[in-house]
Amino acid sequence: MKRRWLIFMLLLLTLLPSLALAQDERPALTDLARVMRADTALYVAMRTDEEFLTLLESLTQPLVDLANASGQPSPSLRDALNQGLAAANTDLDSVMAWLGDTAALGATAGAVLPDVPPGAAGGAVILAAQIDDRAAAEAFFASALPDAPPPVMQGGMSIYEGAGSNGGMAITDDLIVVYTSTPNPLLTRDAKLNSSGSFQSAIDALPADAYNLLVYADPRWVTAAEPIEAFAQPLQSAPLAVGFTLLDDRSFVIDSAQLPLDGAQAGAPAAIDPTFARFLPADASATIQAVNLSGLIRSALALADAAAANGSQAPVPSAQAAQLFAFLGLDLEEDLLSWTTGDFGLFLRVNFLDLAPSLVRGGIPDLSTLSERIDAGLVIEATDPAKAQALAVKLSEFLTQVVENMQGISISSETVHGVETTVIHLDLTLDVTTTIPVDLLLGASDEIFFLGTRPAVEAILSGDGTLPANPFYNAALAHTLPNPTTLWVADGEGLVIVAGTVVGIQLALVGPAIGTVFDSIVAEIQAQGGGAVATPTPTPTPAIGVLLPPELAEAVGNAIGVLQRSSGTISATVNDAGVTLLRFVITLPE
81 MKRRWLIFML
91 LLLTLLPSLA
101 LAQDERPALT
111 DLARVMRADT
121 ALYVAMRTDE
131 EFLTLLESLT
141 QPLVDLANAS
151 GQPSPSLRDA
161 LNQGLAAANT
171 DLDSVMAWLG
181 DTAALGATAG
191 AVLPDVPPGA
201 AGGAVILAAQ
211 IDDRAAAEAF
221 FASALPDAPP
231 PVMQGGMSIY
241 EGAGSNGGMA
251 ITDDLIVVYT
261 STPNPLLTRD
271 AKLNSSGSFQ
281 SAIDALPADA
291 YNLLVYADPR
301 WVTAAEPIEA
311 FAQPLQSAPL
321 AVGFTLLDDR
331 SFVIDSAQLP
341 LDGAQAGAPA
351 AIDPTFARFL
361 PADASATIQA
371 VNLSGLIRSA
381 LALADAAAAN
391 GSQAPVPSAQ
401 AAQLFAFLGL
411 DLEEDLLSWT
421 TGDFGLFLRV
431 NFLDLAPSLV
441 RGGIPDLSTL
451 SERIDAGLVI
461 EATDPAKAQA
471 LAVKLSEFLT
481 QVVENMQGIS
491 ISSETVHGVE
501 TTVIHLDLTL
511 DVTTTIPVDL
521 LLGASDEIFF
531 LGTRPAVEAI
541 LSGDGTLPAN
551 PFYNAALAHT
561 LPNPTTLWVA
571 DGEGLVIVAG
581 TVVGIQLALV
591 GPAIGTVFDS
601 IVAEIQAQGG
611 GAVATPTPTP
621 TPAIGVLLPP
631 ELAEAVGNAI
641 GVLQRSSGTI
651 SATVNDAGVT
661 LLRFVITLPE
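Below, the structure written as structure tokens:
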């Protein structure tokens with residue numbers, strides 16, 4: 081199971097860029113919207129030309145090689161398609177000779193839901209594709225569907241419909257249209273998707289000029305349908321478009337544009353301050369920078385309160401949050417929300433990929449250096465330095481009371497680069513022979529409130545070794561959206577974090593230690609300052625080597641080498657029309 085999971089994650093990370101290659105102009109991918117019903121809830125269009133297929137095959141070949149190295153023989157993309165077409169007595173070259181450059185799928189909400197919105201014409205699925213040779217296309221279907229009734233000529237098209245059916249296929253000089261549960265869309269005068277203002281607005285808001293895979297979805301058709309209409313208010317979402325493309329030949333990009341809800345106030349929220357990156361360590365594997373933490377917390381609590389408004393006698397989430405802060409000796413509004421209106425950042429540094437070659441060959445890493453491989457922290461702009469420092473003092477006082485007499489945890493004070501900090505020392509027991517010391521530093525300067533591991537905080541407070549001085553970080557910003565309200569940046573280690581691999585390794589390595597500390601803290605809080613808590617007997621850490629075959633180990637090592645030199649970003653913003661834009665980028669090494 082571990083081997084299959086590792087292979088799957090590596091295949092996924094390798095496959096992602098293939099969706100973006102060989103960009104096509106956006107109008108070509110929206111052209112087939114002219115045959116889709118106006119109430120289409122999902123529209124997906126992609127390229128089908130020979131050049132794109134060739135590029136897909138070249139990029140998916142490493143996946144095939146990796147699967148073959150793992151002892152699971154897999155055909156190439158072209159061979160797999162040929163195997164499927166053999167049942168229709170044809171091959172891929174014959175199909176590509178008449179198939180055009182794009183294809184699209186459209187589906188209405190009624191196609192998947194039992195009850196459609198009032199006045200809708202029922203569920204429908206429509207598949208359309210451009211063609212270059214009508215005679216060859218008709219010959220293909222005659223061979224593939226020998227039992228189908230002969231076509232009926234109408235309006236210059238060949239129509240294949242069974243007796244009494246509400247669906248079929250139509251072939252024109254430039255199109256093939258397959259439709260189910262709906263009349264032939266080429267013969268109706270009903271409005272089509274391309275005339276939808278929402279469709280055009282969402283597509284036009286996408287930031288790139290070209291995409292080779294395009295998706296449009298209108299959730300309003302779903303939330304308006306019974307039986308979910310009665311409780312769909314919290315689920316309401318506006319139409320959105322998603323595009324896949326490639327920039328600079330090595331940056332895989334996913335863009336999305338979501339329209340504002342009807343009646344929503346237009347206008348862009350505050351953008352992040354790029355100079356705030358000076359408060360994040362230069363060697364971070366992943367960073368998240370955003371603005372207005374208090375606004376995010378208030379919005380989350382308001383949403384939770386609305387969802388919990390069901391007549392229950394239990395306190396609403398916002399009241400529960402206030403009670404929790406009161407238990408900590410804090411006032412939620414005064415001590416936190418009143419001043420956290422500026423920028424804030426989260427960061428994580430991990431250094432595990434260099435252990436991977438040993439792991440895949442069955443090795444066991446040196447756990448004694450684990451604390452040197454992980455850094456993490458939170459930094460918040462101190463828009464009111466006095467309140468930020470007061471929060472740090474109150475948290476320090478609470479922690480001092482809670483951990484008193486606890487094994488493996490101690491609290492002390494220390495001046496770090498001129499800033500008074502609280503040092504939370506943890507002795508994490510990994511096994512009977514290995515204990516990892518970790519220092520967390522808590523405090524506030526005139527500019528920031530911080531909580532993080534010692535090396536990262538020392539770098540931040542000294543100003544020596546922060547993100548603006550990291551060329552890799554600056555290069556990763558090349559394709560982010562302008563004036564983002566949220567920005568996430570990761571190196572190769574961070575990309576693995578997103579995939580979940582490193583998270584799993586971390587839990588496997590430090591899970592027993594963290595569990596011991598966490599159980600002790602919970603017990604102490606529940607006792608509200610009771611007696612000392614006994615330390616459970618440490619559990620020996622099991623060996624975690626994977627031991628892959630040599631061929632597969634080499635392939636995995638090569639993939640890891642690519643990851644180590646890659647980067648990823650996520651940026652979000654809102655334009656002046658209130659459209660929310662999101663961009664996800666993975667940039668492979670040159």
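Per the numbering used here, residue 81 is the first one in the sequence shown, and the count goes up by one each step.
Cβ atoms here follow ideal geometry from the backbone N, Cα and C, with glycine treated the same way.
For residue i, three-class secondary structure by DSSP
i    : result
T182 : strand
L520 : strand
S156 : coil
R214 : helix
V205 : strand
T660 : strand
I605 : Here I605 scores only 48 on pLDDT, less than 50, and its place in the model is too uncertain to base an answer on.
R645 : coil
V396 : coil
P361 : strand
I540 : helix
T355 : helix
A389 : coil
M176 : helix
V459 : strand
R127 : strand
R330 : coil
W301 : helix
V322 : strand
R114 : helix
L561 : coil
P618 : Because the pLDDT at P618 is just 43, under 50, the model does not fix this residue reliably, and the point stays unresolved.
L255 : strand
V295 : strand
Integer-rounded CB distance, given that residue j should sit under 8 Å from residue i
i    : j    : result
V537 : G422 : That belief does not hold up - the Cβ atoms of V537 and G422 are roughly 19 Å apart, past 8 Å.
I211 : I239 : I211 to I239, Cβ: 15 Å. No contact.
P562 : A652 : Not confirmed; about 12 Å, so no contact.
T120 : A187 : 7 Å
Terminal residues of the beta strand (DSSP E) in which residue i lies
i    : result
T501 : 499-509
A570 : 566-571
A250 : 247-251
L495 : Correcting the residue identity first, residue 495 is Thr in this sequence and not Leu. Residues 489-496.
V232 : 232-234
R61  : Beyond the ends of the chain as shown, which are 81 and 670, falls residue 61; an answer cannot be given.
G425 : 423-430
T533 : 528-533
Enclosing alpha helix (DSSP H) for residue i [first to last residue]
i    : result
S261 : No alpha helix (DSSP H) holds S261; DSSP gives it neither H nor E.
V473 : 465-482
V371 : Counting along the chain, V371 falls outside any alpha helix (DSSP H), though it belongs to the beta strand (DSSP E) covering 366-371.
G277 : 277-285
P340 : Premise fails: P340 is in no alpha helix (DSSP H) and is neither H nor E.
P548 : Note, P548: premise wrong, no alpha helix (DSSP H); not H, not E.
Beta carbon of residue i nearer than 7 Å to that of residue j
i    : j    : result
D511 : L471 : no
L286 : A321 : yes
A125 : T182 : yes
G648 : A555 : no
V258 : L207 : yes
T252 : M237 : yes
V459 : F405 : no
A184 : L112 : yes
L339 : V654 : no
A389 : S276 : no
I650 : W568 : yes
L266 : A250 : yes
L157 : E137 : yes
heavy atom of the ligand ADP below 6 Å from residue i C-beta
i    : result
P517 : Summarising the ligand content, the structure contains no ligands, and the ligand ADP is consequently not present.
Neighbourhood of residue i by C-beta distance below 6 Å, restricted to the same chain and skipping five residues each side
i    : result
G591 : Because G591 sits at a pLDDT of 39, beneath the cut-off of 50, its placement in the model cannot be relied upon, and the point is left open.
H505 : S490, D519
P465 : D526
A108 : T182
F664 : I334, I650
8 Å CB neighbourhood of residue i in its chain, flanking five on each side removed
i    : result
P669 : R330, V642, R645, S646
L381 : P397, S398, A401
T546 : A357, R358, F359, L360, P361, A362, A539, I540
T515 : D507, L508, T509
S223 : A168, N169, T170
Other residues of its chain near residue i: CB distance less than 7 Å, five sequence neighbours each side excluded
i    : result
G425 : F356, F359, L360, T367, I368, Q369, V459
E130 : M176
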